[in-house]
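Everything on this sheet refers to the single structure shown next.
Protein chains: 2
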Amino acid sequence: MDQPDAFSARCPTRQILDRIADKWTVLLLGLLASRTMRFNELRRGVDGLSQKVLSQTLKSLERDGLVTRAAYPTVPVTVEYAITDLGRTLAATLEPLRLWAEGHMEAVEKARIDFDQRQQAAA
Amino acid sequence: MDQPDAFSARCPTRQILDRIADKWTVLLLGLLASRTMRFNELRRGVDGLSQKVLSQTLKSLERDGLVTRAAYPTVPVTVEYAITDLGRTLAATLEPLRLWAEGHMEAVEKARIDFDQRQQAAA
DNA sequence: CAGTATCCACGTCGATACTG
DNA sequence: CAGTATCGACGTGGATACTG
Chain A
29 MDQPDAFSAR CPTRQILDRI ADKWTVLLLG LLASRTMRFN ELRRGVDGLS QKVLSQTLKS
89 LERDGLVTRA AYPTVPVTVE YAITDLGRTL AATLEPLRLW AEGHMEAVEK ARIDFDQRQQ
149 AAA
Chain B
29 MDQPDAFSAR CPTRQILDRI ADKWTVLLLG LLASRTMRFN ELRRGVDGLS QKVLSQTLKS
89 LERDGLVTRA AYPTVPVTVE YAITDLGRTL AATLEPLRLW AEGHMEAVEK ARIDFDQRQQ
149 AAA
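Here the protein sequences line up with chains A and B, keeping their order.
Every number in this note's numbering is 28 more than the matching position in the first sequence, counting from 1.
Every number in this note's numbering is 28 more than the matching position in the second sequence, counting from 1.
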């Protein structure tokens with residue numbers, strides 16, 4: 029049987045990589061790794077994330093077995109999102125990514141300025 | 029001064045996260061981590077990646093200081109893409125992501141089947 | 001070989017309004 | 001509170017053709 033290989037477009041791994049290598053996935057799993065949260069709590073936790081995309085992303089994460097959704101018949105309804113064991117293993121590999129972005133922000137911004145100046149000089 | 033915070037839409041970190049949490053970035057840096065490669069070599073190495081998107085992505089990676097581009101005036105022209113030290117630190121955090129996708133592919137696919145069946149049963 | 005330029009189909013996203 | 005439905009603007013991406 030074939031080895032999983034993300035470099036091959038036909039491998040299901042490719043599609044999974046596309047889903048997990050996603051800004052919102054990184055941030056949402058980052059939040060849920062610390063504790064269970066409600067829908068609007070997540071919405072407030074991730075600035076700039078619309079209700080529609082949050083809803084879509086959570087549904088994908090649930091379908092992929094990364095989070096669970098629990099609805100309680102209170103009035104109004106209460107819904108709790110929790111990370112699964114599988115999701116926790118992913119969150120552990122995603123956290124360094126967020127930390128890299130935060131830690132190397134200045135280096136990247138400097139590189140951009142240098143690059144843009146070289147472009148300017150060439151033109 | 030503000031702490032970098034990817035959860036805030038205004039922080040530059042967010043934009044950087046958006047660029048690095050990308051399928052093609054993961055795969056391209058994965059290839060370049062092992063050795064310097066030519067344009068068409070990268071194209072062949074990443075199945076399903078169009079010439080246009082490869083070109084765009086490489087330009088972004090170069091601008092962000094993650095890869096370097098060296099053109100040699102041969103006929104026809106030879107262009108070598110190499111990873112930088114900064115890029116290497118990112119590649120090191122991206123590789124676990126690709127490995128996670130490859131390693132947990134079956135678990136995710138199983139979760140999807142289960143989820144879809146529950147949806148079916150509910151409808 | 002290593003791109004760029006152009007066109008267009010497509011999906012994604014935000015905004016808005018509505019519901020149990 | 002936690003969504004869904006609809007719409008329209010937008011950008012992304014593929015296919016194709018062309019260039020130094």
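Where is the CB? At the ideal position from N, CA and C, for every residue including glycine.
Close-in-space but distant-in-sequence residues of the same chain around residue i (CB under 8 Å, 5 per side omitted)
i	result
Leu60(B)	Leu70, Val95, Tyr109, Ala110, Ile111, Gly115 and Ala119
Gln79(B)	Arg71
Leu86(A)	Leu56, Phe67, Leu70, Val95, Arg97 and Tyr109
Ser62(A)	none
Pro40(B)	Pro32
Under the three-state DSSP convention, the category residue i falls into
i	result
Thr106(B)	strand
Thr112(B)	coil
Val136(B)	helix
Val54(A)	helix
Thr96(B)	strand
Arg66(A)	strand
Gln31(A)	coil
Gly73(B)	helix
Pro101(B)	coil
Arg146(B)	helix
Arg38(A)	coil
Beta-carbon separation (whole angstroms), residue i vs residue j, contact threshold 8 Å
i	j	result
Gly73(A)	Phe35(B)	6 Å
Leu45(B)	Arg38(A)	Going by Cβ atoms, the distance from Leu45(B) to Arg38(A) rounds to 28 Å, so no, they are not a contact pair.
Arg140(B)	Arg91(A)	6 Å
Ala135(A)	Asp50(B)	With 8 Å as the limit, Ala135(A) and Asp50(B) do not qualify as a contact, their Cβ atoms being about 18 Å apart.
Cβ of residue i within 9 Å of any chain A Cβ
i	result
Ser83(B)	no
Leu44(B)	The sequence given here places Ile at residue 44(B); Leu does not occur at that position. For Ile44(B), the answer is yes, since a Cβ of chain A falls inside 9 Å of its Cβ.
Gln31(B)	yes
9 Å Cβ cutoff, residue i in contact with chain B
i	result
Leu118(A)	yes
Val10(A)	Beyond the ends of chain A as shown, which are 29 and 151, falls residue 10(A); an answer cannot be given.
Other residues of its chain near residue i: CB distance less than 7 Å, five sequence neighbours each side excluded
i	result
Leu77(A)	Trp52 and Arg71
Same chain, Cβ closer than 6 Å to residue i, neighbours up to 5 away in sequence not counted
i	result
Val107(A)	Phe67 and Ala99
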